[in-house]
């Protein structure tokens with residue numbers, strides 16, 4: 003059985019769509035926590051910088067390889083992560 007046949011049998015395309023829709027929303031609980039508590043002491047900005055770089059890079063890769071779903075998924079995840087970064091910067095500045 004080829005990998006294409008396995009992918010078809012396990013409905014891989016549908017699974018990736020579901021995960022792709024979930025991806026941008028995974029960091030939203032962190033954003034909610036930041037805005038509800040204003041506590042950003044334990045958040046690592048260098049980690050978030052690397053994460054947003056990786057997400058944006060994979061979004062561009064998917065743009066160039068014409069994979070629309072993963073492009074939007076990673077782009078949305080990068081935008082969500084960027085919101086967290088901006089929130090952390092805002093609250094660190096507001097708390098100084």
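In our numbering, the protein residues as written are 3 to 98. All C-beta atoms in this analysis are idealised placements derived from N, C-alpha and C, irrespective of residue type, glycine included. The structure presented is a predicted model; accordingly, all values stated were derived computationally and were not measured.
Problem - Range covered by the alpha helix (DSSP H) that runs through residue 19 - result: 14-24
Practice task
Compute the distance between the beta-carbons of residue 85 and residue 50, then report whether it is under 8 angstroms.
Solution key: no
Problem - Cβ separation of residue 87 and residue 24, assumed to be a contact under 8 angstroms, to the nearest whole Å - result: In fact, because the Cβ distance is near 21 angstroms, the residues do not count as touching under 8 angstroms.
Exercise for the section: Enumerate in chain order the residues of its own chain whose CB-to-CB distance from residue 67 is below 6 angstroms, with the five nearest sequence positions on each side excluded. Expected result: none
Exercise for the section: Tell me whether residue 40 sits in a helix, a strand or coil according to DSSP, three-state version. Expected result: coil
Handout entry: Per-residue burial, residue 52 [other beta carbons within 10 Å of its own, 16 or more giving buried]
Key = exposed
Practice task
Scan the region 53-86 and note each continuous beta strand (DSSP E) run of 3 residues or more that stays entirely inside, going in chain order.
Solution key: none
Exercise for the section: Please look up how many angstroms separate the CB atoms of residue 61 and residue 73, rounded, as I've assumed it's under 8 angstroms. Expected result: 5 angstroms
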